[in-house]
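Novice:
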Amino acid sequence: MSAFQAVVLCTLITTSLAKDLWSFPPNLKFGAASASYQVEGGWKDDGKGENIWDKYVHDHSGLIKGGVTGDIAADSYHRWRDDVKVAAKMKLQFYRFSINWPRILPTGFTNKINQAGVDYYSDLIDGLLAEGIEPIVTMYHWELPVAIQDLGGWANPLIVEWFGDFARVIFKIYAERVRTWLTFNEPVAFCDYGYNSGMYAPGVQEQIYGPYLCNKHVLLAHAKAYRIFHKEFRPRYTGKISLANNVLWIEPLDLSYSSLAELGRQHQTGRYSHPIFSKEGGWPPSIEKLMEEYSLKQGFKESRLPKFTRHEIEFIKGTADFYGLNYYTTNMIRPAIPGDKPGIWFLNGSPELNATLLKPKGAYYGHDDLLPVKPEGLRKELNWLKEQYGDIDFFITENGYSTTAYNLADYERVKYMRDHLEQMLLSIKEDKVSVVGYAAWSLVDNFEWLGGYSTKFGLYEIDYEHPNRTRTARASAHYYRCVIEKRSLDVPKSCYVKNYTHNRTRRTDNLAPNRGISTQCTIVLNILVLAVGFILSTIITIN
């Protein structure tokens, strides 16, 4: 073999290896997500009932940045065709959205079904299917009917049956066309924060029992919906069901705090995973033991974390067909010290764990400084989940980056997406984790809870000053389309660096659009060096 032939062969091998390294497996689906309250608007249109976020933002406008509401938001209730259009432009394989409970059942109960609400979601589903886009439906993304909250909401055990009734109604209407369901989005948020801080709907501030009653009833309600589908609908329709957990990756600030970090992971993720995905079911043993000891120490006669009966353990266990996870951030953990106020879990710490959460070094930040960006945390989380619950399918149901102001040249979001897709790909190819889906948060800008409209997560910008709520693609939308079309992380800058920057665009040159690929370059170069070395050694041996 001549030196020239060796170089050519080396180049071909390296190109092939690099292409394979950054290509996505054929079974991996790409899409984007949203939530009804955050994008729909139409808050009292066509017979819709009031949900707890409608009430909360009207009663507590001072807690929402800018005093805004979700009354109109992106107006997706009237402009759902525009959402379908932009999803199709990006070549999305699925669109994850949620059903607003009181838009279907205005009273919260089955005594009245709102046909206009039924038709809205039916039209959206049909519109997506016509474009070859799979509808993935979240049954509860925090839109609890006020009437049910007035009866105690998720602290009332009767809600398990009420949610089951709601689930049966929407299964009957949509199960023939919807094949992937998520019962709940981020129970840790609406339980641990919504029933603890008073600063999230429903605005309950009851730190003793509220969050933990919510924990138990949500898990039972999830299992109820799963069992209903399995018994009454699965024989006729194929379909898969899970829930979307908010997974905060937790690292010890010092190696001596490794046990505390593991306890934190069980507190954050295990509470909503162990009862469903573990072989034995029930609460994570370490959390059950911790809560009982802490409760008795406080003077309570029993644990504040309500126990499961043996029947309940079996009822919940195994009620998921895949694992749905929302990943945004990583935190460090250490024992609380004098002066710490670890009062609200996953925000700043936990008095039960006597632990404080801290921001990690080396992170970068979007608009929301509560979400330090550490992409490698995603890979660590996926590996931890696999170790805990075995070789199951994982679906990344949310992953997104916040910016501020109007800016179409969102190269920082492109970097964020590339960094996380890279970690996901490494999990798949090197760690053999079965990841079957990735949903970017979010399809369009939305009402971002306490942040109002100041925080922009959308791949498409919404012009809130225009009555049509005009949707305009950001650089990240072009980038994502390229990734989906090429099914590769290796896409050229020309895919997304285009002449679409408007006069209102800011910070267009602050970040180079090709940042964040150092890991890719390093790996490819290492492959090249190994390939060259192998071929040259072969030549020497032959000669």
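According to mature numbering (1 follows the signal peptide of the UniProt record, and there is no 0), the stretch in the sequence shown is residues -18 to -1, 1 to 525, in order.
Glycine included, every Cβ here is placed at the ideal spot set by N, Cα and C.
Quick caveat, the model's predicted, so the values are computed rather than measured.
1. Given a cut-off of 8 Å, decide if residue 65 and residue 425 are closer than it, judged by their beta-carbon atoms.
2. Any idea what DSSP makes of residue 109, helix, strand or coil?
3. Rounded to a whole number of angstroms, what is the C-alpha to C-alpha distance between residue 21 and residue 398?
4. On a CA-only basis, which of 256, 292, 35 and 13 is nearest residue 19? Give me that one, please.
5. May I ask you to list the residues that DSSP assigns as paired with residue 419?
6. If we call anything under 8 Å between Cβ atoms a contact, is residue 83 one with residue 122?
7. Pull the bridge partners of residue 426 from the DSSP assignment, please.
8. Just list the residues that DSSP pairs residue 222 with in beta bridges.
9. Based on Cα-Cα distance, which residue from 314, 344, 387 and 342 lies nearest to residue 332?
10. Pair every Cβ in the segment 144 to 158 with every Cβ in the segment 196 to 213, then say whether three or more of these pairs are closer than 8 Å.
11. Going by Cα to Cα distance, which pick from 266, 438 and 43 is closest to residue 348?
12. Determine the extent of the beta strand (DSSP E) in which residue 77 is found, giving its start and end residues.
13. Should residue 355 and residue 478 be called a contact, given that it needs their Cβ atoms to be closer than 8 Å?
14. Look at residue 451 and residue 69 and say whether their C-beta atoms are less than 8 Å apart.
15. So what's residue 129 in DSSP terms, helix, strand or just coil?
16. Going by CA-CA distance only, name the one from 463, 175, 200 and 300 that's closest to residue 188.
17. Would DSSP call residue 484 helix, strand or coil?
18. May I have the straight-line CA-CA distance separating residue 131 from residue 169, to the nearest angstrom?
19. Measure from the alpha carbon of residue 406 to the alpha carbon of each residue in 421, 460 and 393, then state which is nearest.
20. From 46, 25 and 216, pick the residue whose C-alpha is nearest to that of residue 432; which is it?
21. For the beta strand (DSSP E) containing residue 246, name the first residue and the last one.
22. Counting beta carbon pairs with one atom in the segment 400 to 414 and one in the segment 356 to 363, are three or more of them shorter than 8 Å?
23. Is the number of C-beta pairs between the segment 258 to 273 and the segment 288 to 307 that are closer than 8 Å three or more?
24. Would you kindly report the start and end of the unbroken beta strand (DSSP E) that includes residue 54?
25. Report all residues from its chain with a CB closer than 7 Å to the CB of residue 467; omit the five preceding and five following residues, and keep chain order.
26. Could you check which residue in 372, 149, 39 and 462 has the C-alpha nearest to that of residue 12?
27. Provide the residue span of the beta strand (DSSP E) that contains residue 116, from first to last.
28. Identify whether residue 231 lies in helix, strand or coil by the three-state DSSP scheme.
29. Which whole-angstrom value describes the C-beta separation of residue 244 and residue 308, a residue pair presumed to lie in contact below a C-beta threshold of 8 Å?
30. Assign residue 145 to one of two classes, buried (16 or more other C-beta atoms within 10 Å of its C-beta) or exposed (fewer than that).
31. Note down, in chain order, each residue of its chain lying with its Cβ closer than 7 Å to the Cβ of residue 190, except the 5 sequence neighbours on either side.
32. Taking the alpha-carbon positions, what's the residue 119 to residue 15 distance?
33. Report the rounded CA-to-CA distance for residue 255 versus residue 449, giving the unit in angstroms.
34. Between 39, 142 and 228, which has its C-alpha nearest residue 248's C-alpha?
35. Spatial neighbours of residue 9 within its chain, please: C-beta separation below 7 Å, excluding the five flanking residues on both sides.
36. Counting only the same chain and skipping the five closest in sequence on each side, list residues whose C-beta sits under 7 Å from that of residue 594.
Specialist: Quick answer:
1. Here residue 425 corresponds to residue number 443 of the sequence shown, with the count starting at 1. Here residue 65 corresponds to residue number 83 of the sequence shown, with the count starting at 1. In contact: residue 425 and residue 65 (Cβ atoms closer than 8 Å).
2. By 1-based counting over the sequence shown, the position of residue 109 is 127. The answer is helix: DSSP assigns residue 109 an H, G or I state.
3. Numbered from its first residue, the sequence shown carries residue 21 at position 39. Numbered from its first residue, the sequence shown carries residue 398 at position 416. Straight-line Cα distance between these residues: approximately 23 Å.
4. If you number the sequence shown from 1, residue 19 lands on position 37. Looking at the Cα atoms, 35 is the closest of the given residues.
5. Residue numbering aside, residue 419 sits at position 437 when the sequence shown is read from its first letter. Checking the DSSP bridge columns, you'll see residue 419 partnered with 11 and 377.
6. Counting from 1 along the sequence shown, the entry for residue 83 is found at position 101. Counting from 1 along the sequence shown, the entry for residue 122 is found at position 140. Going by C-beta atoms, residue 83 is nearer than 8 Å to residue 122.
7. By one-based count along the sequence shown, residue 426 stands at place 444. Answer by DSSP bridge pairing, in chain order: 442.
8. Numbered from 1 along the sequence shown, position 240 holds the residue referred to as residue 222. DSSP lists 162 as partners of residue 222.
9. Here the question's residue 332 lines up with position 350 in the sequence shown. Looking from the CA of residue 332, the closest CA among 314, 344, 387 and 342 belongs to 314.
10. yes
11. The count along the sequence shown starts at 1 and reaches residue 348 at position 366. Checking every option, the nearest Cα to that of residue 348 belongs to 438.
12. On the sequence shown, position 95 is the one that residue 77 refers to. Where residue 77 is concerned, the enclosing beta strand (DSSP E) stretches over 76 to 80.
13. What you label residue 355 is simply residue 373 of the sequence shown in a count that begins at 1. What you label residue 478 is simply residue 496 of the sequence shown in a count that begins at 1. No. Outside cutoff.
14. Along the sequence shown, one-based indexing puts residue 451 at 469. Along the sequence shown, one-based indexing puts residue 69 at 87. Cβ atoms of residue 451 and residue 69: not closer than 8 Å.
15. Here residue 129 is taken as the residue at index 147 of the sequence shown, counted from 1. Helix.
16. In the sequence shown, the residue the question calls residue 188 occupies position 206. Cα-wise, what sits closest to residue 188 is 175.
17. Position 502 of the sequence shown, counted from the first residue, corresponds to residue 484. Because the pLDDT at residue 484 is just 47, under 50, the model does not fix this residue reliably, and the point stays unresolved.
18. Position 149 of the sequence shown holds residue 131. Position 187 of the sequence shown holds residue 169. Those two C-alpha atoms are separated by around 16 Å.
19. What you label residue 406 is simply residue 424 of the sequence shown in a count that begins at 1. Nearest option by C-alpha distance: 421.
20. Translated into positions along the sequence shown, residue 432 becomes position 450. Looking at the Cα atoms, 46 is the closest of the given residues.
21. Position 264 of the sequence shown, counting from 1, holds the residue named residue 246. Premise fails: residue 246 lies in the alpha helix (DSSP H), 240 to 250, not in any beta strand (DSSP E).
22. Result yes; three or more Cβ-Cβ pairs closer than 8 Å.
23. yes
24. Along the sequence shown, one-based indexing puts residue 54 at 72. Careful: residue 54 lies outside any beta strand (DSSP E) and carries neither H nor E.
25. Along the sequence shown, read from residue 1 onward, the residue named residue 467 stands at position 485. Same-chain partners within the cutoff: 73.
26. Indexing the sequence shown from 1 puts residue 12 at position 30. Selected option, being the one with the closest Cα: 462.
27. As a first step, residue 116 is located in the sequence shown; it is residue number 134 there, counting from the start. From DSSP, the beta strand (DSSP E) with residue 116 extends over 116 to 122.
28. Locating residue 231 in the sequence shown gives position 249, where the first residue counts as 1. Of the three classes helix, strand and coil, the one that applies to residue 231 here is strand, per DSSP.
29. Here residue 244 refers to the residue found at position 262 when the sequence shown is read from its first residue. Here residue 308 refers to the residue found at position 326 when the sequence shown is read from its first residue. The beta-carbon distance between residue 244 and residue 308, rounded to whole angstroms, is 21 Å. This is too long to meet the 8 Å contact definition.
30. Reading the sequence shown from its first residue, position 163 is the one you call residue 145. The residue in question, residue 145, is buried, as its Cβ has 16 or more Cβ neighbours within 10 Å.
31. Position 208 of the sequence shown, counted from the start, is the residue given in the question as residue 190. These residues qualify, in order along the chain: 286.
32. Here residue 119 is taken as the residue at index 137 of the sequence shown, counted from 1. Here residue 15 is taken as the residue at index 33 of the sequence shown, counted from 1. Distance between the alpha carbons of residue 119 and residue 15: 10 Å.
33. Against the sequence shown, residue 255 aligns to sequence position 273. Against the sequence shown, residue 449 aligns to sequence position 467. Our two residues, residue 255 and residue 449, have alpha carbons roughly 43 Å apart in a direct line.
34. Translated into the one-based positions of the sequence shown, residue 248 becomes position 266. Measuring from the Cα of residue 248, the nearest candidate turns out to be 228.
35. Indexing the sequence shown from 1 puts residue 9 at position 27. The answer, listed in chain order, is 418.
36. Any property of residue 594 remains undetermined from this structure, which presents the chain solely from -18 to 525.
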